[in-house]
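Number of protein chains: 4
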Amino acid sequence: MRSDTDSSTFTERARREQIVTAATEVIAGTGYGQASVAKIAEHIDVAKSVVLYHFKTKNDIIEAVVGAVFGAAAAAMVPAITSAASPGDRLAAYIRSNVAFIEHNRVAATAMVEILTGYRSPDGLRLDQAAAAAPPKDAGLTALDPESIFGDGLSSGQFRTLSPRFMKNALRAALDGAVWELVRDPDYDVIGYGEELVRVFDLATRVAS
Amino acid sequence: MRSDTDSSTFTERARREQIVTAATEVIAGTGYGQASVAKIAEHIDVAKSVVLYHFKTKNDIIEAVVGAVFGAAAAAMVPAITSAASPGDRLAAYIRSNVAFIEHNRVAATAMVEILTGYRSPDGLRLDQAAAAAPPKDAGLTALDPESIFGDGLSSGQFRTLSPRFMKNALRAALDGAVWELVRDPDYDVIGYGEELVRVFDLATRVAS
Amino acid sequence: MRSDTDSSTFTERARREQIVTAATEVIAGTGYGQASVAKIAEHIDVAKSVVLYHFKTKNDIIEAVVGAVFGAAAAAMVPAITSAASPGDRLAAYIRSNVAFIEHNRVAATAMVEILTGYRSPDGLRLDQAAAAAPPKDAGLTALDPESIFGDGLSSGQFRTLSPRFMKNALRAALDGAVWELVRDPDYDVIGYGEELVRVFDLATRVAS
Amino acid sequence: MRSDTDSSTFTERARREQIVTAATEVIAGTGYGQASVAKIAEHIDVAKSVVLYHFKTKNDIIEAVVGAVFGAAAAAMVPAITSAASPGDRLAAYIRSNVAFIEHNRVAATAMVEILTGYRSPDGLRLDQAAAAAPPKDAGLTALDPESIFGDGLSSGQFRTLSPRFMKNALRAALDGAVWELVRDPDYDVIGYGEELVRVFDLATRVAS
DNA sequence: AATGAATGAGCTTTCATTCAT
DNA sequence: CATGAATGAAAGCTCATTCAT
């Protein structure tokens, strides 16, 4: 259980992955507050200690889950977004790739939102607040901040006069809301919802004709 | 120890109200997960038993908080909404009255979203899922379901062709998102955010000219 | 379980006393390291939670034990010491009252020494190191510091030239050693040992004739 | 994995020695209670299993540490003591060689007292109690029992009438106390303390003139 | 109406030890 | 020889809930 980066066995990596998956499923299934190390262990039928052998603290597990989901989301979304030319196309690509990710990764997406709303660091901070004090993220992630898309559209005159921050907040909330809706109704048409969002934000950003 | 509305003395009602207020503040302050009965009791400097004497279980407290906040929101929003004539005006009134409520009832609004995301019934259900199986709500609350506004606008031809459910989901998510943003940044301009939302949904519902 | 000073019920005080006694016995019997909250509770046949209901943390229990034993020791020793006139008499009174206390409070004395050697604060400090940073103790306790006795004898010329600190260290170690010896051999003649110590320190402090 | 002395390769012996040293340092540094097998292994950057491969149980490690320290102390003290002619000289040599050992082997001495006060065998016995039931020690160690020195001085009339056992207890306690003092204050003048002890025990054993 | 006391279930975490490789 | 993996036992602690007064 070295914490060095390279010295991980195959078995080790497999177990970690298994635990992260289990944690994701338990969090998505029972909510962040109810997800205990014991439940995660039970989920894959190993002793509680096995989980803590591979992760040391519950927090480490959560961080691993967040990293995995965020990484997967970025991998799925960034290419789609960066290949779009205009801010309008980028916005549509952002929305479509995000709902596509949600549709194809329901459990992961649900776990993510659960963590985002339920997690508190020992100091009482939320995940995003705790992350705000973190080192500068890698450049690719800028593509994942819709505020920059709205900013680009505004400064290039391709969007109407709008507040990038407000628009970004509304968009992120609407997208995260898709996950909650999916939890309520497993047959929810997330893709259709996404298309409606594309239309809404297209109409809402256009310059008056 | 009646939870029914009748047969309650004045003292009884006062205490319950006090406890509900305390619970609201504690939940908003520390998050749903960290809000224990003990902390609520401590907040108003009474014994833990006093709280459970008046409410029997923690879930009862939560439900009372939800009822109180929901009632207050309805009282603030319904008049504004029903006094608007067209669907477009009703939509704007809905948004404006909602952000106004959030702005003037930060604590209550925060507690509400905390509960919405953090609460699970003994069977693992969320509050909204649990409420879905509840008796039909009173008629006035229909005004509070934005889906009907979008439906009206659609059928009367005053709105473009759109999906009332998707639009409602997007709007509710955007409005709930304002609360999270307020939690992150106490100086967040919720009213300004609401005005941007009014614009967005106006542009996004208009029939093409 | 108010933490206010006065508002303690009779039952409350009785239980606390019972728990402190139990803790003292368990510590003396099994050593500080082995004394768990569970063992203390089991010792008086109550649930573990009962103990933590009355004391909140294990540390609080230890502090209560230390306070009780130290208080009892002070009550037994201070009068004897202060009623002695000369430094020589005070020294003898110190030794005799201390071994008498040990003889009549074997369990408490053992627990005390166990704590003194085994306890570590969360920061890794020993009890005496942690206490060193505490507010000035009450005046009566000065009598309990043998260093002052040696200092008085030295400055008044009634003792030979000696190092008060070294003498105090030797004396305290010799007295604490009596407790360890008593643990090894329950029939150990502590009083006799004390008399030999009185002789040793009399001979070792006299001015050369 | 032999714990016997024979049939051990060079590597084997080297590892055992390394582990014993590590254990000594960890115990001295963090206290007996906090010294885990994991910490010992980490201290020399090997896997926990390596430690337990060479020692089988934690108790075995402790015993090895005790044996090593005791052996080193004996090697340092016995020659000095046996080369002294009279009981009085032997006593002084005993004290001086002991404090010298402490001064030059702070870590080992600290570990020793930590173990002496903190260790309990599986049956709850202390190390000395457990050792009491052990086979007769080798002859050289008699020199290390100060009781024999006091006994000799008494029977040869070179010491005043005294109780060899009480005197031995007082002396051992005073010497062990030096280690605690050194832990509290790394600058403590152990040698000076030893000289004071030599004086004290000289004055306290002399026949009245 | 109020509350002190008690309790069991559950939480995260540490640890010595076993075992297969 | 060495080690990664697994595990049960136990630790300190929190909490909702029950009960007698």
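Top to bottom, those sequences are chains A, B, C and D.
Residue numbers for the first sequence follow the numbering used here, beginning at 1407 and rising by one.
Residue numbers for the second sequence follow the numbering used here, beginning at 1407 and rising by one.
Residue numbers for the third sequence follow the numbering used here, beginning at 1407 and rising by one.
Residue numbers for the fourth sequence follow the numbering used here, beginning at 1407 and rising by one.
Glycine included, every Cβ here is placed at the ideal spot set by N, Cα and C.
{"Item": "Sub-8 Å separation of Glu1509 of chain C and Val1596 of chain C beta-carbons", "Value": "yes"}
{"Item": "Sufficient close CB pairs (3 or more, under 8 Å) joining the stretch 1550-1563 of chain C to the stretch 1573-1581 of chain C", "Value": "yes"}
{"Item": "Residue-chain proximity (Glu1448 of chain D, chain C), Cβ-Cβ < 8 Å", "Value": "no"}
{"Item": "Inter-residue Cα distance where the pair is Ala1514 of chain C and Thr1430 of chain C", "Value": "6 Å"}
{"Item": "Where the alpha helix (DSSP H) containing Arg1612 of chain D begins and where it ends", "Value": "Counting along the chain, Arg1612 of chain D falls outside any alpha helix (DSSP H), and DSSP gives it neither H nor E."}
{"Item": "Burial state of Gly1437 of chain B, where buried means 16 or more other Cβ atoms lie within 10 Å", "Value": "buried"}
{"Item": "Any chain B beta carbon closer than 8 Å to Ala1579 of chain A", "Value": "yes"}
{"Item": "6 Å CB neighbourhood of Asp1593 of chain A in its chain, flanking five on each side removed", "Value": "none"}
{"Item": "Length of the line joining the Cα atoms of Val1432 of chain D and Arg1421 of chain D", "Value": "16 Å"}
{"Item": "For Val1519 of chain A, three-class secondary structure by DSSP", "Value": "helix"}
{"Item": "Backbone CA spacing between Val1600 of chain A and Ile1425 of chain A [nearest angstrom]", "Value": "Note that residue 1600 of chain A is Gly in the sequence shown here, rather than Val. Gly1600 of chain A and Ile1425 of chain A: Cα-Cα distance of roughly 31 Å."}
{"Item": "Residue environment, Pro1552 of chain A, which counts as buried when at least 16 other CB atoms sit within 10 Å", "Value": "buried"}
{"Item": "Ile1555 of chain B (DSSP reduced to helix, strand or coil)", "Value": "helix"}
{"Item": "Tyr1525 of chain B versus Asn1465 of chain D: straight-line alpha-carbon distance, rounded", "Value": "49 Å"}
{"Item": "Those runs of the alpha helix (DSSP H) which lie wholly inside the stretch 1424-1495 of chain D and span at least 4 residues", "Value": "1443-1449, 1454-1461 and 1464-1488"}
{"Item": "Near-chain B residues of the stretch 1551-1573 of chain A (beta-carbon distance less than 9 Å), N- to C-terminal order", "Value": "Arg1566, Leu1568, Ser1569, Arg1571, Phe1572 and Met1573"}
{"Item": "Identity of the residue in A:Val1519, A:Arg1612 and A:Val1589 nearest Thr1567 of chain A by Cα", "Value": "A:Arg1612"}
{"Item": "Test item: CB-CB of Ala1499 of chain A and Ala1610 of chain B under 8 Å", "Value": "no"}
{"Item": "CB contact below 8 Å: Glu1509 of chain B versus chain A", "Value": "no"}
{"Item": "Contact set for Pro1542 of chain B: own chain, Cβ-Cβ below 7 Å, skip 5 residues either direction", "Value": "In this prediction, Pro1542 of chain B has a pLDDT of 47, which is less than 50 and means its spatial position is unreliable; what the coordinates show is noted afterwards. No residues qualify anywhere along the chain."}
{"Item": "Amino acids of chain B, ordered along the chain, whose beta-carbon sits closer than 7 Å to that of Asn1667 of chain A", "Value": "An answer regarding residue 1667 of chain A cannot be provided, because it is not within the stretch 1407 to 1615 covered by chain A."}
{"Item": "Contact the stretch 1487-1504 of chain D vs the stretch 1461-1478 of chain D: 3+ CB pairs below 8 Å", "Value": "no"}
{"Item": "Chain-ordered residues of the stretch 1523-1537 of chain A with a beta carbon less than 8 Å from chain B", "Value": "Thr1523, Gly1524, Arg1526, Gly1530, Arg1532, Asp1534 and Gln1535"}
{"Item": "Interface positions of the stretch 1421-1440 of chain D facing chain C (Cβ-Cβ less than 9 Å), listed along the chain", "Value": "Thr1436, Gly1437, Tyr1438, Gly1439 and Gln1440"}
{"Item": "Integer Cβ distance of Ala1580 of chain A from Ala1579 of chain B, believed to fall under 8 Å", "Value": "5 Å"}
{"Item": "Buried versus exposed, by CB contacts within 10 Å (16 or more), Thr1562 of chain D", "Value": "Going by the sequence as given, residue 1562 of chain D is Ser instead of Thr. Exposed: under 16 other Cβ atoms inside 10 Å."}
{"Item": "Three-state secondary structure assigned by DSSP to Tyr1594 of chain C", "Value": "coil"}
{"Item": "Inter-residue Cα distance where the pair is Leu1550 of chain C and Met1518 of chain C", "Value": "15 Å"}
{"Item": "Distance, Asp1529 of chain D Cα to Ala1536 of chain D Cα", "Value": "9 Å"}
{"Item": "Whether Gly1439 of chain C touches Gly1439 of chain D by CB criterion (8 Å)", "Value": "yes"}
{"Item": "Sub-8 Å separation of Ala1584 of chain D and Val1456 of chain D beta-carbons", "Value": "no"}
{"Item": "Nearest-angstrom Cα separation, counted from Ala1479 of chain D out to Leu1603 of chain C", "Value": "27 Å"}
{"Item": "Outcome for Thr1516 of chain B when other beta-carbon atoms lying within 10 angstroms are tallied against a minimum of 16", "Value": "buried"}
{"Item": "Neighbour flag for Leu1609 of chain B against chain A, beta carbons, 8 Å", "Value": "yes"}
{"Item": "Inter-residue Cα distance where the pair is Glu1469 of chain B and Arg1512 of chain C", "Value": "57 Å"}
{"Item": "8 Å Cβ cutoff met for Ser1489 of chain C and Gln1564 of chain C", "Value": "no"}
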